[in-house]
Amino acid sequence: MRMETRLANASFTNVENRDAIKTYNRLTLTELEDLAPGFNWTELLLDLGYPILK
Amino acid sequence: MEDITVEQVRRLVEQASNNTSAKDSSLDWKIGQFYRVGMDTDSINRQGIEPLQGELRLIDNMTTAADVQKVSAHLLSYYIVDPFFSFFACTDSKNSKMMIATLYQSGLGLPDRDYYLRTDNESAKTREDYLKFVTRMFVLLGDSSRTPQEMLKRS
Chain A
18 MRMETRLANA SFTNVENRDA IKTYNRLTLT ELEDLAPGFN WTELLLDLGY PILK
Chain B
-8 MEDITVEQVR RLVEQASNNT SAKDSSLDWK IGQFYRVGMD TDSINRQGIE PLQGELRLID
52 NMTTAADVQK VSAHLLSYYI VDPFFSFFAC TDSKNSKMMI ATLYQSGLGL PDRDYYLRTD
112 NESAKTREDY LKFVTRMFVL LGDSSRTPQE MLKRS
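Following this line, the structure appears as structure tokens:
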């Protein structure tokens, strides 16, 4: 419950979710890695069988 | 409209599953297999949680953040289960000719953030019921009823 509440805290509201501008944040893989360095995005793509396009 | 669509899909799926001459791996064969597996509630009930054991073990054996990532990727790719976020291909809303990789928030068992953050009595009751539900799921998955309850107290 604590984990989900933290996720909830970080989540957009339903209204924000309908905001096409707010939810459009196109990034390159490198930009994503800089934005969220705690997660190994390259490895995720490899695990899912996708090509790595930096 | 939805009624008509559902009815049409049912007819297509039943036709496929009745098509005994469908070649292995053909579309009809795949649809038929999938449908029959889902409809075979006797086998489903007999097998219980057995088919899930491998995945449950993967989850049990996680110790590091890297393990959590590995297992999430596995759940995402095999079952489209998205414990922390969703990841899928979607049309680029600024360029409809392009399909792009899309990340989207996810991971909540209740419908949206408000269910976790609202402080009124009704929402608090919903969260209590949710905890009971999760406890029941753990018990159905083989935990003793004490274990999940103690765990939930700590969570």
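These protein sequence lines are chains A and B, in that order. For what it's worth, the working numbering labels the leading residue of the first sequence as 18, then goes sequentially. For what it's worth, the working numbering labels the leading residue of the second sequence as -8, then goes sequentially. Note that beta-carbon positions come from the ideal geometry of N, C-alpha and C, so glycine has one too.
Simplified DSSP state of residue i, which is helix, strand or coil
i	result
A:M20	helix
B:D15	coil
A:T45	coil
A:R74	In the structure as shown, chain A begins at 18 and stops at 71. Residue 74 of chain A is therefore absent and cannot be evaluated.
B:D33	helix
B:S8	helix
B:Y174	The question about residue 174 of chain B has no answer, for chain B in this structure spans -8 to 146.
A:F56	coil
A:T40	coil
B:L131	helix
B:L43	helix
A:I69	coil
B:T183	Absent from the model: residue 183 of chain B. The displayed extent of chain B is -8 to 146, so no value can be given.
B:T(-4)	helix
A:T30	coil
Residue j beta carbon less than 8 Å from that of residue i
i	j	result
B:S68	B:Y95	no
A:R49	A:K71	It is Leu, not Arg, that sits at residue 49 of chain A in the sequence shown. Cβ distance not < 8 Å, so A:L49 and A:K71 don't count as in contact.
B:L108	A:A25	yes
B:L101	B:Y121	yes
A:E21	B:L43	no
B:Q60	A:E60	yes
B:D103	A:N31	yes
A:L52	A:L62	no
For residue j and residue i, believed in contact at Cβ under 8 Å, the rounded distance
i	j	result
B:S8	B:G23	4 Å
A:L65	B:A80	Between B:A80 and A:L65 the Cβ distance is about 11 Å, and since that is not below 8 Å, they are no contact.
A:Y41	B:K85	7 Å
B:V62	B:L49	5 Å
B:S97	B:Y106	With a Cβ gap of about 14 Å, B:S97 and B:Y106 do not count as contacting.
Short CB-CB distance (under 8 Å) between residue i and chain D
i	result
A:T22	Of the protein chains in the structure, A and B, none is chain D.
Checklist entry - In chain order, which alpha helix (DSSP H) runs of at least 4 residues are fully inside the stretch 46 to 121 of chain B? => result You should have 56 to 70, 105 to 108.
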